[in-house]
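Novice: To convert a position in the sequence shown, counted from 1, into this note's numbering, add 1. Positions of the beta carbon are idealized from the N, C-alpha and C atoms, including for glycine. Small disclaimer: the values here were computed from a predicted structure and weren't measured.
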Amino acid sequence: MHKRAGTLDRPLNYGAALRTIRGLWRAGEVVWTHHASARLRERNLIDLDIGHVILNGRITEYRGSIQGWKYTVEGRTLDGDQASCSVAIEGRLIIITVIG
């Protein structure tokens, strides 16, 4: 079982956050927000494209909010196109939005 990422005072470091994000993805502990699902369709991507980004990409930034820390993961889709996603770790991996 994964714990909530970081605290409101400080996020997980990039390495720990990426390991947690990838572990949750591999375990299928993923929740897509309605917004992320809509953006995925608008950008003609599939969930496996975002999986490829998560499993092979890198964290480029993080942002804190009252709900916790959000991380941006950037990488390449299955077709080699640049894409990114914003995620949160809340016991499961929450896909907040998709950019690509």
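So, for G7: in the same chain, excluding its five sequence neighbours on each side, which residues have a beta-carbon less than 6 Å away from its beta-carbon?
Specialist: Within the sequence shown, numbered from 1, the residue matching residue 7 stands at position 6. Bear in mind that the predicted position of G7 carries a pLDDT of just 48, short of 50, making it too unreliable to give a figure here.
Novice: Can you give me the C-alpha to C-alpha distance between R59 and L94, rounded to a whole angstrom?
Specialist: What you label residue 59 is simply residue 58 of the sequence shown in a count that begins at 1. What you label residue 94 is simply residue 93 of the sequence shown in a count that begins at 1. So the alpha carbons of these two residues sit roughly 16 Å apart.
Novice: Run through DSSP, which three-state label would I96 get?
Specialist: Start at 1 with the first residue of the sequence shown, and residue 96 comes out as number 95. Strand at I96.
Novice: Give the secondary structure of E30 by DSSP, where H, G and I count as helix, E and B as strand, and everything else as coil.
Specialist: Residue numbering aside, residue 30 sits at position 29 when the sequence shown is read from its first letter. Correct three-state label for E30: coil.
Novice: Please look up how many angstroms separate the CB atoms of I47 and I90, rounded, as I've assumed it's under 8 Å.
Specialist: For the purposes of this step, residue 47 is identified with residue 46 of the sequence shown, where counting begins at 1. For the purposes of this step, residue 90 is identified with residue 89 of the sequence shown, where counting begins at 1. 23 Å between Cβ atoms; not a contact.
Novice: Scan the stretch 32-94 and note each continuous alpha helix (DSSP H) run of 4 residues or more that stays entirely inside, going in chain order.
Specialist: 35-43 and 48-57
Novice: What's the call for S66, buried or exposed, on a 16-neighbour Cβ count within 10 Å?
Specialist: To locate residue 66, count along the sequence shown from 1; it is residue 65. The Cβ neighbour count for S66, taken over all protein chains shown within 10 Å, is under 16; the residue is labelled exposed.
Novice: Does the beta-carbon distance from R44 to G101 come in below 8 Å?
Specialist: For the purposes of this step, residue 44 is identified with residue 43 of the sequence shown, where counting begins at 1. For the purposes of this step, residue 101 is identified with residue 100 of the sequence shown, where counting begins at 1. Taking 8 Å as the Cβ cut-off, R44 and G101 qualify as a contacting pair.
Novice: Per DSSP, what kind of secondary structure is G101 in: helix, strand or coil?
Specialist: In the sequence shown, the residue the question calls residue 101 occupies position 100. In this structure, G101 counts as coil in the three-state DSSP scheme.
Novice: So the candidates are L41, R27 and S38; which of them puts its Cα closest to the Cα of N57?
Specialist: Indexing the sequence shown from 1 puts residue 57 at position 56. Of L41, R27 and S38, the residue nearest in Cα terms is R27.
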